[in-house]
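Residue numbers (our numbering), protein chains in the order written: chain A, 1 to 212; chain B, 213 to 357.
Rendered as structure tokens:
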């Protein structure tokens with residue numbers, strides 16, 4: 001087909017409005033939250049002492065970490081889904097949540113006696129955590145990968161990893177409502193491991209799914 | 213403009229810059245929603261062109277690995293046509309019959325959407341859908357071969 005003929009066909013097709021990427025991400029986040037919430041309510045549900053837990057410091061802090069992680073992943077992902085994206089525009093953003101967690105761990109180590117450190121870190125529910133965060137996160141991951149496919153990522157593997165990070169952070173935000181282990185030591189080990197599973201999955205799948 | 217950008221970067225005889233131009237034009241069209249309306253256009257345009265060029269080089273790399281030693285002797289000498297030149301028939305062959313009819317009428321014969329709809333006895337909406345799917349299919353197919 002000669003280029004002028006192709007341009008004619010493209011011009012005829014240009015009347016169709018296309019949803020801007022920003023809007024697509026908004027819808028994707030909304031859909032992901034709804035799906036993660038449904039999966040969470042069907043499989044787990046919130047813990048029984050939710051009211052009391054809200055009065056503590058450790059329990060609400062879990063959401064500070066997971067929501068911060070989700071927000072910074074989303075900001076990065078919005079630029080990573082563009083053809084102009086370079087490797088990572090603002091890598092410091094991704095250190096925000098880990099930095100908060102590190103700070104909390106320092107405080108935890110100061111106020112909890114050393115004999116309790118391992119107990120807090122191992123927790124009571126680690127296998128649950130490793131199972132359910134990926135399970136809750138799988139539908140959000142699918143939605144975010146589809147949105148990435150709608151975009152035009154120039155670095156699909158990196159974009160895919162951040163996609164998994166976002167899905168993991170959304171899933172962890174819900175799982176944290178159920179999880180009885182509130183110590184930042186537990187978060188640092190098990191939540192991180194669970195989110196890493198989704199991150200690896202995203203990095204593996206995106207180059208195939210989001211090809212353009 | 214895109215053509216000159218790509219020509220400067222394609223020193224390879226085995227890659228026809230015009231093919232990459234076409235792929236870039238298609239990608240610019242199909243991914244136009246990734247342009248942020250207050251961002252400059254040129255970097256976005258060049259990023260897409262570069263992506264398509266890298267893609268074409270990668271495919272070409274894959275092709276040479278298969279090893280075509282001696283194939284030059286089999287081919288007649290008078291074929292200066294670049295290896296990857298895709299002619300009209302080959303591009304249209306990639307499509308379903310319905311898509312092919314629509315894309316051919318609009319691109320080759322220069323019909324409007326309305327004329328094509330009348331001629332094929334379908335609604336304008338159906339024509340628009342076939343056209344868009346046809347273009348997406350061409351773009352996906354370019355990526356593979």
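Just so you know, even glycine gets a beta-carbon here, dropped at the ideal spot from N, CA and C.
When the Cα atoms are used, what is the spatial distance from residue i to residue j?
i	j	result
residue 127 of chain A	residue 108 of chain A	23 Å
residue 345 of chain B	residue 10 of chain A	12 Å
residue 90 of chain A	residue 154 of chain A	16 Å
residue 139 of chain A	residue 123 of chain A	27 Å
residue 358 of chain B	residue 265 of chain B	Residue 358 of chain B is absent from the structure shown; chain B starts at 213 and stops at 357.
residue 18 of chain A	residue 7 of chain A	18 Å
residue 338 of chain B	residue 305 of chain B	20 Å
residue 325 of chain B	residue 230 of chain B	26 Å
residue 245 of chain B	residue 257 of chain B	12 Å
residue 282 of chain B	residue 271 of chain B	Model confidence at residue 282 of chain B stands at a pLDDT of 46, short of 50, so the residue's coordinates are unreliable; what they give is reported in the following sentence. When rounded, the distance between both Cα atoms is 20 Å.
residue 242 of chain B	residue 236 of chain B	10 Å
residue 73 of chain A	residue 33 of chain A	15 Å
residue 354 of chain B	residue 307 of chain B	12 Å
residue 147 of chain A	residue 157 of chain A	15 Å
Residues of chain A with CB under 9 Å from residue i, in chain order?
i	result
residue 334 of chain B	By Cβ distance, chain A contributes nothing, its closest Cβ being about 15 Å from residue 334 of chain B, past 9 Å.
residue 237 of chain B	3, 6, 7, 10
Name the chain A residues that come within less than 7 Å of residue i, Cβ to Cβ?
i	result
residue 230 of chain B	3
residue 355 of chain B	211
Using a Cβ cut-off of 7 Å, pull out every chain B residue sitting near residue i, in sequence order please.
i	result
residue 16 of chain A	340, 344
residue 212 of chain A	239, 243
residue 20 of chain A	245
What span of residues does the alpha helix (DSSP H) with residue i cover, start to end?
i	result
residue 140 of chain A	126-150
residue 296 of chain A	One cannot answer for residue 296 of chain A here, as it falls past the ends of chain A, which runs 1 to 212.
residue 48 of chain A	Run containing residue 48 of chain A: none; DSSP gives neither H nor E here.
residue 244 of chain B	Note, residue 244 of chain B: premise wrong, no alpha helix (DSSP H); not H, not E.
residue 108 of chain A	96-111
residue 337 of chain B	336-356
residue 57 of chain A	Looking at the DSSP string, residue 57 of chain A is not in any alpha helix (DSSP H), and its letter there is neither H nor E.
residue 13 of chain A	3-13
residue 160 of chain A	156-178
residue 117 of chain A	114-122
Using the beta-carbon of each residue, which ones in chain B are nearer than 8 Å to residue i?
i	result
residue 13 of chain A	241, 340, 343, 344, 347
Can you list the residues of chain A that residue i reaches, using a CB-CB cut of under 8 Å?
i	result
residue 273 of chain B	Correct list: empty, because the minimum Cβ distance to chain A is about 17 Å.
Where the stretch 139-160 of chain A meets chain B: residues whose CB sits under 7 Å from a CB there: 151, 152, 154
Any 3 or more C-beta pairs closer than 8 Å across the stretch 165-183 of chain A and the stretch 51-59 of chain A: yes
The stretch 319-335 of chain B in contact with the stretch 24-37 of chain A per 3-pair CB rule at 8 Å: no
Inter-stretch contact at 8 Å, needing at least 3 Cβ pairs: the stretch 166-173 of chain A / the stretch 110-119 of chain A: no
Interface residues of the stretch 245-264 of chain B facing chain A [CB-CB below 7 Å]: 245, 246, 255, 256, 259, 260, 263
Proximal residues, the stretch 73-99 of chain A versus chain B, C-beta separation under 9 Å: Per Cβ criterion, the list reads 81, 82, 83, 84, 85.
Cβ contact check for the stretch 306-323 of chain B and the stretch 197-205 of chain A: 3 or more pairs under 8 Å: As far as the Cβ criterion goes, the stretch 306-323 of chain B does not touch the stretch 197-205 of chain A, which means the pair count is below three.
contact_flag[the stretch 137-152 of chain A, the stretch 71-89 of chain A] where n(CB pairs < 8 Å) is 3 or more: At 8 Å Cβ cutoff, the stretches touch.
Three CB pairs or more closer than 8 Å across the stretch 93-107 of chain A and the stretch 61-76 of chain A: yes
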